[in-house]
Every structure is written in structure tokens, then in C-alpha cells.
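Residue numbers (the working numbering): 2 to 51.
We put the CB at the ideal spot given by N, CA and C, even for glycine.
See the structure below:
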């Protein structure tokens with residue numbers, strides 16, 4: 002009987018108030034914090050993709 006494949010550990014949800022554990026960037030237009038990797042600002046729509 003083959004052994005079951007180990008399932009990858011689920012990524013823990015980051016705590017919203019632990020900024021140092023997250024990659025956060027600030028929108029240069031309105032200053033809203035956004036996760037690094039976001040394509041655009043959720044508030045003003047500024048595109049982070051250059």
C-alpha cells in the first residue's frame with residue numbers, strides 16, 4: 002500500500018497589526034498601505050506596475 006503524500010502546511014494568516022511581518026508598500030499618490038505585489042491602490046487606483 003503506497004504511503005499517502007504529505008500535504009503542504011497551509012500558510013498561516015498574517016496578523017493585520019504586525020506590519021513588520023508583511024511586505025507593505027505605501028501608495029505614492031494617496032499614502033494608503035497596500036501589500037507588495039498589488040497591481041493597484043484600492044483607494045485611488047494608482048497602478049503599482051511600472
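Host beta strand (DSSP E) of residue i (start-end)
i: residue 34; result: 34–36
Proximity to residue i [Cα-Cα], best of the options
i: residue 38; options: 46, 4, 8 and 50; result: 50
i: residue 25; options: 36, 43 and 5; result: 36
Secondary structure of residue i, DSSP reduced to three states
i: residue 25; result: strand
i: residue 48; result: strand
i: residue 1; result: Residue 1 falls outside the range modelled here, since the chain spans only 2 to 51, and no answer is possible.
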